[in-house]
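Shown next, in structure tokens, is the structure this report addresses.
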Amino acid sequence: VWQNKGATRYYTGVPSKFTNFTFVGTTDGATFNKLMDWIHDYDRLHKTFEPVEIVVNGTKTGGHGSRMCHDLFYYALAALVDMGFEPTPADFIFRDHIMVFAESYEKVDV
66 VWQNKGATRY YTGVPSKFTN FTFVGTTDGA TFNKLMDWIH DYDRLHKTFE
116 PVEIVVNGTK TGGHGSRMCH DLFYYALAAL VDMGFEPTPA DFIFRDHIMV
166 FAESYEKVDV
């Protein structure tokens, strides 16, 4: 059985293991606090780390999306835009994406 529990963490500084950064913009404290509330809800609903996105051949909606750091960033950025944030990225934002193409898949509850 694949044990894939995930977690969202907040750091007051940047851990040394993170070395690749892309500036996306600045915001105010009120928007930051709204984002923290949004992340709390996201974390409550997304309890697993799913590094692979499953795409079912021949369908546009079948499959299972990934849940990685970049997914959190992508959805958080979209939420920020909905809150009025206007991103001004300094560079392209790279997505390291792993896709598995399958005939079918089955969810199991362990």
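Position in the sequence shown (from 1) plus 65 gives the number in my numbering.
Glycine is no exception: its CB is placed at the ideal position from the N, C-alpha and C atoms.
Identity of the residue in the options nearest residue i by Cα
{"i": "H105", "options": "K172, A72, P152, M148", "result": "A72"}
{"i": "R109", "options": "G149, F166, R74, F150", "result": "R74"}
{"i": "L137", "options": "E168, F157, L100", "result": "L100"}
{"i": "K125", "options": "L142, I158, E168", "result": "E168"}
{"i": "G149", "options": "D93, E171, N85, D174", "result": "D93"}
{"i": "T91", "options": "V79, K172, L142, F83", "result": "L142"}
Same chain only: Cβ atoms within 7 Å of residue i, ignoring 5 sequence neighbours per side
{"i": "P116", "result": "S131, M133, I163"}
Neighbourhood of residue i by C-beta distance below 6 Å, restricted to the same chain and skipping five residues each side
{"i": "H135", "result": "R160"}
{"i": "V89", "result": "P152, P154"}
{"i": "W103", "result": "A144"}
Cβ separation of residue i and residue j, assumed to be a contact under 8 Å, to the nearest whole Å
{"i": "G118", "j": "G128", "result": "One detail in the question is off: residue 118 reads as Glu in this sequence, not Gly. Rounded, the Cβ-Cβ distance is 7 Å, consistent with contact."}
{"i": "F166", "j": "N98", "result": "Contact flag wrong, Cβ pair sits at about 41 Å."}
{"i": "T87", "j": "I158", "result": "6 Å"}
Residue i (DSSP reduced to helix, strand or coil)
{"i": "V66", "result": "Note on V66: pLDDT 48, under 50, position unreliable in the model; the coordinate value appears next. If DSSP states are grouped into helix, strand and coil, V66 belongs with coil."}
{"i": "V165", "result": "strand"}
{"i": "V121", "result": "strand"}
{"i": "T96", "result": "helix"}
{"i": "H111", "result": "coil"}
Spatial neighbours of residue i in its chain, beta-carbon cut-off 8 Å, leaving aside the 5 residues before and after
{"i": "Y140", "result": "Y107"}
{"i": "K70", "result": "K112, T113, F114"}
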